[in-house]
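A.B. asks: Following this message is one structure expressed as structure tokens.
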Amino acid sequence: MNEAQIKSLLTVEQLKIVSDCLRTLSHPVRLRMVQLLIREQYSVGELARHCSVQNHMASEHLRLMQRTGLLISQREGRKIYYSIAMPTLIQLMQCIEKSMDEKENPTTIDQDRR
């Protein structure tokens, strides 16, 4: 690797931020919430119902993702609605979904390589 390629790498500080985001996402309920929120904004109760968790657990998951900067919230009356703050989450989820599709359908990988 030449010097220019090394300089193009993320800094350790940037990698710490990425690591925090990935650690926050590393829970199935949070990943499901992100899948839903990519499509539209939802309230805590709606996300709890779609993810089959209690409201207080949904709130905790959402709070963690918001604290990491992955989500934003907006109050409308008595409800708080959440949405994606980082558009790159869409690409990340597409990558995850594609990798799962390839894992479940290994022939797809073989055909793509030809």
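With our numbering, you'll find the sequence shown wraps up at 113, consecutive numbering, no jumps.
Positions of the beta carbon are idealized from the N, C-alpha and C atoms, including for glycine.
(1) Let's test the definition: count the other Cβ atoms within 10 Å of the Cβ of A3 and tell me whether it reaches 16, buried, or not, exposed.
(2) Roughly how many whole angstroms lie between the Cα atoms of I16 and L91?
(3) Buried or exposed, going by whether 16 or more other CB atoms sit within 10 Å of the CB of L9?
(4) Is E75 helix, strand or coil when you go by DSSP?
(5) Along the alpha helix (DSSP H) that carries N54, what are the first and last residues, could you check?
(6) What number of angstroms, rounded off, separates the C-alpha of I83 from the C-alpha of E12?
(7) Using 8 Å for Cβ pairs, my map puts L61 next to M32. What's the rounded Cβ distance?
(8) Restricting to Cα atoms, I'd like to know which of S42, V28 and L14 is closest to G76.
(9) Which word fits L36, buried or exposed, when buried means at least 16 other C-beta atoms lie within 10 angstroms of its C-beta?
(10) Sort R66, P105 and L88 by Cα distance to R38 and report the nearest one.
(11) Hey, how far is the Cα of R113 from the Cα of H26?
C.D. replies: For this structure:
(1) exposed
(2) 15 Å
(3) exposed
(4) strand
(5) N54 to R66
(6) 23 Å
(7) 7 Å
(8) S42
(9) buried
(10) L88
(11) Unreliable placement is indicated for R113, whose pLDDT of 47 sits below 50; no coordinate value is reported for it.
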